[in-house]
Amino acid sequence: MLYFNYKTCLTKDIIVKNNRYMKGCDRMDLPVLYNEVEEWNYYLMLYNAALKELNTKLDILYNEFKLAHPYNPIEHITSRIKSPQSIAKKLRKYGKDLTVENIIKYVNDVAGIRIICSFVADVYRIAELISKISDIKVLKIKDYIANPKPNGYTSYHMIVSVPVRLTNITVDTKVEIQIRTIAMDVWASLEHKMCYKFEGDTPEHIQKELKACSELIAYLDQKMFSINQEIQNYSSIQENYYIDTRNKYDTIESIGTVEDVDTGDKKDKKKQKKEKKEAGRKRLLLGFGA
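Mapping of the sequence shown onto the numbering used here: position 283 corresponds to residue 1346, and the numbering continues sequentially without gaps.
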């Protein structure tokens, strides 16, 4: 079989003969069969389109929380296309040849989105909202929060199908969504940096240390959530007290206002004064004294 070199880009204008390649490429590097370049570029376009579709839906959700709700559970959102090296590594792990067909079939996270939330409860809330989006189909769920990996990795994974509408066809395209808390993301990022060179074969004693750190992270998540709940309850009590107090003393607020009110007595006095003045005028006209 003739493959592209790892540094070869997947563009139609690359001519490959006897494992030689041209430089100056501007697309995704991947060692696939030389006659699959155009096919891979087509699927790469679909993956990018699916990411854009899903990112738009999540941006709308984020903005709604930000503007129309008192609390936004989403901290930030990132997305990426899996690197060529990671795709090849995953297929080798599965014992599969590096072909476009195998990439499409066995690599579920070529397109990926990561959503970072504040607390564990937010993770499940966002996952539920995503599952309710009308044209998004959930294909698979892996809850590593309830069931952490042996090394302590925790996150909530969803494989979803996103419809990409082209000129004459709609293609359902797989995207992996990872939802995790800030604390989980810190652990995952550090673990990846520290253990990347082991390529999945991390020594047992290091895995135990990482597992212990993960348990501390889980405790931190739980403790921060508990503190947040207490703060929310306190704020709710204060707000309810203010509302009750305001309603109780609504009538007293009118003490500070001044209104001109015509009473019956005042009107009678004005009428009597006017009548007396008129009577005096008549007396003078008739020649009587005032």
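Glycine is no exception: its CB is placed at the ideal position from the N, C-alpha and C atoms. All of these numbers come straight from a predicted model, not from anything done at the bench.
Ordered along the chain, which non-local residues of its own chain (more than five positions away) have a Cβ less than 8 angstroms from that of glutamate 1138? Same-chain partners within the cutoff: Ile1179, Cys1180, Ser1181, Ile1245.
Using CA coordinates, which residue listed in Leu1273, Val1100, Leu1229, Ile1240 is at the minimum distance from glutamate 1164? Val1100
Which complete beta strand (DSSP E) runs does the segment 1191-1240 hold, if anything under 3 residues is left out? 1200-1206, 1219-1228
Can you grab the Cα-Cα spacing for the pair alanine 1113 / alanine 1190, in whole Å? Spanning the two alpha carbons is a distance of roughly 18 angstroms.
So is alanine 1151 buried or exposed if we call it buried at 16+ other beta carbons inside 10 Å? Buried is the call here.
Report the rounded CA-to-CA distance for tyrosine 1125 versus asparagine 1135, giving the unit in angstroms. 7 angstroms
By DSSP, does glutamine 1335 sit in helix, in strand, or in coil? helix
Tell me the residue span of the beta strand (DSSP E) that contains serine 1142. 1137-1144
Between Asp1172, Pro1266, His1255, which has its C-alpha nearest proline 1147's C-alpha? Asp1172
7 angstroms CB neighbourhood of valine 1234 in its chain, flanking five on each side removed: Here the set comprises Leu1109, Val1227.
Under the three-state DSSP convention, the category threonine 1119 falls into: Note: threonine 1119 maps to helix in three-state DSSP.
Sorted by chain position, which residues of the same chain lie with C-beta nearer than 8 angstroms to aspartate 1122's C-beta, five sequence neighbours on each side aside? Within the same chain, Cβ atoms closer than 8 angstroms to the Cβ of aspartate 1122 are found at Ile1140, the five residues on either side in sequence being excluded.
Do lysine 1200 and serine 1224 have their CB atoms nearer than 7 angstroms? Yes, they are a contact pair.
Classify lysine 1336 as buried or exposed, calling it buried when 16 or more other Cβ atoms lie within 10 Å of its own Cβ. exposed
Compare the beta carbon distance of aspartate 1284 and valine 1183 with 7 angstroms and say whether it is the shorter of the two. Yes, the pair counts as a contact, with Cβ atoms nearer than the cut-off.
Going along the chain, which residues of its own chain have a beta-carbon closer than 7 angstroms to the beta-carbon of arginine 1188, five neighbours each way excluded? Pro1136
Neighbourhood of asparagine 1291 by C-beta distance below 7 angstroms, restricted to the same chain and skipping five residues each side: Phe1182
Counting Cβ pairs, one atom from each stretch, are 3 or more of them under 8 angstroms apart for the segment 1267-1275 and the segment 1202-1210? no
Within the continuous alpha helix (DSSP H) that includes serine 1252, where are the two ends? That run of the alpha helix (DSSP H) goes 1245-1258.
In terms of DSSP beta bridges, what is isoleucine 1179 paired with? His1139, Arg1243
Name, in chain order, the residues that DSSP records as bridge partners for alanine 1281. DSSP output for alanine 1281 lists no bridge partner at all.
Please report the straight-line C-alpha distance between tryptophan 1103 and isoleucine 1280, rounded to a whole angstrom. 40 angstroms
Environment of aspartate 1185 [buried if 16+ CB atoms lie within 10 Å]: buried
If I measure Cβ to Cβ from leucine 1154 and keep anything under 8 angstroms in the same chain, skipping five residues before and after, which residues do I get? Asp1160, Leu1161, Asn1165, Ile1166, Tyr1169, Val1170
Quick one, are the C-beta atoms of tyrosine 1216 and isoleucine 1242 less than 7 angstroms apart? no
Distance, Cα to Cα, tyrosine 1157 vs tyrosine 1297? CA-to-CA, the gap between tyrosine 1157 and tyrosine 1297 works out to about 52 angstroms.
Proline 1147: first and last residue of the uninterrupted alpha helix (DSSP H) it sits in: 1147-1157
Closest by C-alpha distance to aspartate 1264, when choosing among Glu1239, Glu1278, Asn1214: The residue with the shortest Cα to Cα distance from aspartate 1264 is Asn1214.
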